[in-house]
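Q: Chains as they are written, first to last, in my numbering: chain S, 1 to 325; chain C, 1 to 299.
One structure coming up, written as structure tokens, with questions to follow.
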């Protein structure tokens with residue numbers, strides 16, 4: 001319990017740090033980014049609407065702590081300003097459009113990559129020095145060294161463009177309206193396949209290698225030798241004795257890796273014009289939509305922090321030893 | 001494995017790195033064309049005049065790949081060095097001083113670790129003036145924390161060694177102990193931190209530039225991919241505008257990882273025992289058992 005509370009404290013502090021960074025960065029930049037930012041709205045916003053927007057970012061002209069207080073007050077009311085790229089939509093509404101798709105794409109591919117990588121790592125460590133163990137890790141390291149979005153482009157070129165078997169862009173067929181019908185779900189799955197595969201290909205190697213090395217450590221333990229001596233079946237030793245314990249360090253790494261994989265998957269979304277946060281991000285960069293960029297930063301940070309906390313809860317559930325601490 | 005022989009993984013990695021360094025160093029002398037000049041009809045497939053074809057803007061892809069090597073490797077290695085320096089300083093001070101200093105620095109490290117890097121980098125890069133210096137600041141700001149964490153852990157395990165106790169008894173200052181006693185004794189850890197930081201920096205740089213952040217007029221591996229994607233390279237079937245740059249990034253990344261693996265094997269007796277053991281067994285035609293060998297037989 002103390003462990004969980006300590007972690008929760010860390011995440012709350014991290015959340016506060018990112019809120020504050022979000023406030024400080026525009027003010028640290030040389031020149032007058034506020035005017036540059038608000039100049040983007042020229043001809044789009046009424047003067048009073050512009051004043052409201054300045055207020056939302058705390059550019060009130062008062063001393064810094066007053067600006068900070070104004071910024072926080074607006075933030076807690078869920079006011080992140082108005083988007084330039086999707087004018088006149090509010091940033092929060094624009095973000096809400098993409099959140100589900102990013103959660104679907106990143107969530108499914110991270111879980112698949114983690115499960116597959118851990119399984120491959122168990123097998124590689126078990127058959128150490130075998131053909132599987134000597135060929136697969138270097139291959140996956142090589143695949144993992146490519147930028148995520150580059151693998152995505154290659155898959156798009158191969159399967160979408162040349163072979164024309166899978167869709168090139170978007171999250172579902174343009175002819176369908178979102179519903180819970182079979183054809184819609186099938187279309188979503190079909191559109192998910194290529195982007196998810198590219199993320200899995202790029203990230204599975206890391207999980208495999210860390211699982212393999214932690215398996216090698218666990219296999220040296222006396223209780224594994226004991227299990228062999230008892231004559232237990234290899235499969236039982238492999239999964240029930242070794243893999244369960246070797247998995248723990250990988251679970252701790254999961255939270256850390258999530259932020260990194262998410263970065264890669266945002267870029268993958270761009271390649272497939274997948275309508276998630278990554279696609280919004282590139283729109284924001286192209287039209288210098290600072291409020292949207294900052295909104296994306298905040299949402300993604302909060303999501304990653306929440307996911308990290310969930311992983312910590314899972315870890316406590318998996319490893320009874322942490323409950324004592 | 002003899003003590004003087006370079007492990008095979010390291011040899012392969014160093015050879016690949018050597019080729020790319022050479023490319024970055026003498027590149028502009030051997031590049032057939034000006035990388036940013038319009039030299040021929042756009043989107044031509046590889047031919048004798050243009051070994052890797054031309055881009056959507058009529059530039060020579062081979063010349064662009066060479067020019068990109070210089071810019072991308074320079075930024076990658078400088079950022080890697082800066083991240084390692086900052087990480088080592090923070091990690092070593094936290095680990096050696098302990099107490100409140102450690103609490104504060106560890107908290108700072110952990111907070112930076114859980115804040116996702118790319119979205120923060122985008123916000124930073126968007127506000128800073130485009131250019132190499134801003135890019136370096138962004139990369140270092142988002143990537144230093146991992147090194148600090150690894151190095152702090154290593155320092156904690158070295159802190160209780162006799163030579164540190166000896167230095168304390170001699171009355172050396174704590175900063176002297178950090179920088180002259182502890183850090184020099186973990187060169188291999190610092191080296192592998194430097195390698196992973198460089199891999200991160202190259203990848204993050206390519207990613208940011210692909211997004212359109214940074215100076216798009218400079219030829220780097222990231223801007224090459226940005227322009228290729230902007231010119232809809234894939235939908236016109238122009239794979240040659242993407243493949244050379246992507247392969248270069250992956251080869252440099254793999255080479256760095258291979259060197260880092262060998263460093264691990266040289267400095268971690270258990271990993272070395274494993275590879276020696278399996279090799280010795282394989283030479284005798286025996287299949288290794290399930291448990292991990294801890295025996296070592298080095299002359």
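Built from N, CA and C at the ideal position, the CB exists for glycine as well.
Would you say residue 250 of chain S reaches chain C, if we count a Cβ-Cβ gap shorter than 8 Å as a contact?
A: As a working mapping, residue 250 of chain S is identified with position 250 in the first chain. No, its Cβ sits nowhere closer than 8 Å to a Cβ of chain C.
Q: Just how far apart, CA to CA, sit residue 184 of chain S and residue 174 of chain S?
A: Reading the first chain from its first residue, position 184 is the one you call residue 184 of chain S. Reading the first chain from its first residue, position 174 is the one you call residue 174 of chain S. If you take the alpha carbons of residue 184 of chain S and residue 174 of chain S, they lie about 10 Å apart.
Q: Return helix, strand or coil for residue 60 of chain S, following the three-state DSSP convention.
A: Reading the first chain from its first residue, position 60 is the one you call residue 60 of chain S. Correct three-state label for residue 60 of chain S: coil.
Q: Determine the direct distance from the alpha carbon of residue 196 of chain S to that of residue 158 of chain C, and round the result to whole angstroms.
A: The sequence position of residue 158 of chain C within the second chain is 158, counting from 1. The sequence position of residue 196 of chain S within the first chain is 196, counting from 1. Approximately 43 Å between the Cα atoms of the pair.
Q: Mind listing the chain S neighbours of residue 239 of chain C? Cutoff is C-beta to C-beta under 7 Å, in chain order.
A: As a working note, residue 239 of chain C is residue 239 in the second chain. Near residue 239 of chain C (Cβ distances below 7 Å), the residues of chain S are 157.
Q: Tell me residue 90 of chain S's beta-bridge partners as DSSP assigns them.
A: Indexing the first chain from 1 puts residue 90 of chain S at position 90. Its beta-bridge partners are S/82.
Q: What's the gap between the Cα of residue 273 of chain S and the Cα of residue 97 of chain S?
A: Here residue 273 of chain S refers to the residue found at position 273 when the first chain is read from its first residue. Here residue 97 of chain S refers to the residue found at position 97 when the first chain is read from its first residue. One C-alpha to the other measures close to 14 Å.
Q: Would you list, in chain order, the members of the stretch 67-87 of chain S that have their beta-carbon closer than 8 Å to a beta-carbon of chain C?
A: Listed in sequence order: no entries.
Q: Checking 8 Å against the spacing of the C-beta atoms, do residue 148 of chain C and residue 87 of chain C come in under that value?
A: Residue mapping note: residue 148 of chain C aligns to position 148 of the second chain, counting from 1. Residue mapping note: residue 87 of chain C aligns to position 87 of the second chain, counting from 1. Yes, these two residues count as a Cβ contact at 8 Å.
Q: Give me the chain S residues within the contact set of residue 110 of chain C, using Cβ-Cβ distance strictly less than 7 Å, ordered along the chain.
A: In the second chain, counting from the first residue as 1, residue 110 of chain C sits at position 110. Those are 10, listed as they occur along chain S.
Q: Return yes when at least one heavy atom of the ligand FAD lies under 7 Å from the C-beta of residue 34 of chain C, else no.
A: As presented, the structure is devoid of all ligands, the ligand FAD included, so that no description of it is given.
Q: In the DSSP assignment, what are the bridge partners of residue 60 of chain C?
A: Translated into the one-based positions of the second chain, residue 60 of chain C becomes position 60. C/54, per the DSSP bridge assignment.
Q: Can you tell me where the alpha helix (DSSP H) with residue 208 of chain S in it begins and where it stops?
A: Locating residue 208 of chain S in the first chain gives position 208, counting from the first residue. Element bounds for residue 208 of chain S: 182-219.
Q: Can you list the residues of chain S that residue 123 of chain C reaches, using a CB-CB cut of under 9 Å?
A: Position 123 of the second chain holds residue 123 of chain C. The contacting residues are 21, 22, 25, 26, 290, 293, 294, 296, 297.
Q: From the DSSP output, in three-state form, read off residue 294 of chain S for me.
A: For the purposes of this step, residue 294 of chain S is taken as the residue at position 294 of the first chain. Three-state result, residue 294 of chain S: helix.
Q: Tell me the start and end of each unbroken alpha helix (DSSP H) in the stretch 174-209 of chain C that is at least 4 residues and wholly inside, in chain order.
A: Correct list: empty.
Q: Kindly say whether residue 33 of chain C, judged by its beta-carbon, lies nearer than 8 Å to any beta-carbon of chain S.
A: Locating residue 33 of chain C in the second chain gives position 33, where the first residue counts as 1. Chain S, which has no Cβ nearer than 8 Å to the Cβ of residue 33 of chain C, makes this no.
Q: What's the gap between the Cα of residue 184 of chain C and the Cα of residue 85 of chain C?
A: One-based indexing of the second chain puts residue 184 of chain C at position 184. One-based indexing of the second chain puts residue 85 of chain C at position 85. The straight-line gap from Cα to Cα measures roughly 13 Å.
Q: Examine chain C for any beta-carbon lying closer than 8 Å to the beta-carbon of residue 208 of chain S, and answer yes or no.
A: Residue 208 of chain S sits at position 208 when you count from the first residue of the first chain. Closer than 8 Å: no.
Q: Hey, does residue 210 of chain C have any beta-carbon neighbour from chain S nearer than 8 Å?
A: As a working mapping, residue 210 of chain C is identified with position 210 in the second chain. Yes - at least one Cβ of chain S is within 8 Å of the one on residue 210 of chain C.
Q: Within the same chain, show all residues whose beta-carbon is closer than 6 Å to that of residue 79 of chain S, passing over the 5 residues directly before and after it, in chain order.
A: In the first chain, the residue the question calls residue 79 of chain S occupies position 79. Cβ within range, chain order: 56.
Q: Extract the residue ranges of the alpha helix (DSSP H) inside the stretch 113-164 of chain S, only unbroken runs of 4 or more that lie entirely within it.
A: Runs found: 131-145, 148-155.
Q: Helix, strand or coil: which one does DSSP assign to residue 288 of chain S?
A: In the first chain, counting from the first residue as 1, residue 288 of chain S sits at position 288. If DSSP states are grouped into helix, strand and coil, residue 288 of chain S belongs with coil.
Q: What does residue 116 of chain C touch in chain S if you count any residue whose Cβ is under 7 Å from its own?
A: Counting from one through the second chain, the residue named residue 116 of chain C turns up at place 116. Near residue 116 of chain C (Cβ distances below 7 Å), the residues of chain S are 259, 262, 263, 300, 301, 304.
Q: If contacts are defined as beta-carbon pairs under 8 Å, then residue 127 of chain C and residue 82 of chain S qualify, I think. What distance do you get, rounded to the angstrom?
A: Translated into positions along the second chain, residue 127 of chain C becomes position 127. Translated into positions along the first chain, residue 82 of chain S becomes position 82. Contact flag wrong, Cβ pair sits at about 19 Å.
Q: Under a Cβ-count criterion, where at least 16 other Cβ atoms within 10 Å of its own Cβ denotes burial, should residue 181 of chain C be classed as buried or exposed?
A: Taking the first residue of the second chain as position 1, residue 181 of chain C is located at position 181. Counting Cβ neighbours within 10 Å, residue 181 of chain C comes out buried, since at least 16 surround it.
Q: Which whole-angstrom value describes the C-beta separation of residue 300 of chain C and residue 39 of chain C, a residue pair presumed to lie in contact below a C-beta threshold of 8 Å?
A: Within the shown structure, residues of chain C are numbered from 1 to 299, placing residue 300 of chain C beyond reach of any answer.
Q: Going by beta-carbon coordinates alone, are residue 69 of chain C and residue 248 of chain C separated by less than 8 Å?
A: Residue numbering aside, residue 69 of chain C sits at position 69 when the second chain is read from its first letter. Residue numbering aside, residue 248 of chain C sits at position 248 when the second chain is read from its first letter. Yes, they are a contact pair.
Q: Hey, is the stretch 107-127 of chain S in contact with the stretch 274-282 of chain S, meaning 3+ C-beta pairs nearer than 8 Å?
A: Flag = no, the stretch 107-127 of chain S and the stretch 274-282 of chain S do not touch.
Q: Which residues, in order along the stretch 185-205 of chain C, keep a beta-carbon less than 7 Å from a beta-carbon of chain S?
A: Hits within the stretch, in order: 203.
Q: When you check each C-beta in the stretch 255-266 of chain C against every C-beta of chain S, which residues fall closer than 7 Å?
A: If the cut-off is 7 Å between Cβ atoms, the stretch 255-266 of chain C has 257 near chain S.
Q: Can you find the residues in the same chain that come closer than 7 Å, C-beta to C-beta, to residue 251 of chain S, ignoring five residues on each side of it along the sequence?
A: As a first step, residue 251 of chain S is located in the first chain; it is residue number 251 there, counting from the start. The residues are 311, 314, 315, 318.
Q: For a contact defined as C-beta to C-beta under 9 Å, what are the partners of residue 246 of chain C on chain S?
A: Position 246 of the second chain, counting from 1, holds the residue named residue 246 of chain C. Within 9 Å Cβ-Cβ: 146, 147, 150, 151, 153, 154.
Q: For residue 19 of chain C, which residues in the same chain have their Cβ closer than 7 Å to its Cβ, ignoring the five residues on either side in sequence?
A: As a first step, residue 19 of chain C must be located in the second chain, where it is residue number 19. Answer for residue 19 of chain C: no residue qualifies.
Q: Please classify residue 244 of chain S as buried or exposed, where buried requires at least 16 other C-beta atoms within 10 Å of its C-beta.
A: What you label residue 244 of chain S is simply residue 244 of the first chain in a count that begins at 1. So residue 244 of chain S counts as exposed.
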